[in-house]
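Below is one structure; the comments refer to it alone.
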Amino acid sequence: SPELGITIAALALWVYDGTPGIETTLRAGRRLRSRSE
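See below:
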């Protein structure tokens, strides 16, 4: 599903960035989800 790809991409960015940007990732995911609905 597209959401799985978004989650993987977000996790990859988070790990690559090396910072605990979980809040930002969740916010971005919510924005993407609401846009696709």
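Under my numbering, the first residue of the sequence shown carries the number 691, and numbering increases by one thereafter. Built from N, CA and C at the ideal position, the CB exists for glycine as well. On a predicted model such as this, the values are computed, not experimentally measured, just so you know.
So what does DSSP say about residue i, is it helix, strand or coil?
{"i": "Thr726", "result": "Reading off the sequence, residue 726 comes out as Ser, not Thr. In the structure shown, Ser726 sits in a helix (DSSP, three-state: H, G or I)."}
Going by alpha carbons, who is nearest to residue i out of the options?
{"i": "Trp704", "options": "Ser691, Glu693, Pro692, Ala718", "result": "Ala718"}
{"i": "Thr715", "options": "Ser726, Leu701, Ser724", "result": "Leu701"}
Any heavy atom of the ligand NAP closer than 7 Å to the beta-carbon of residue i?
{"i": "Trp704", "result": "This structure simply doesn't include the ligand NAP, nor any ligand for that matter."}
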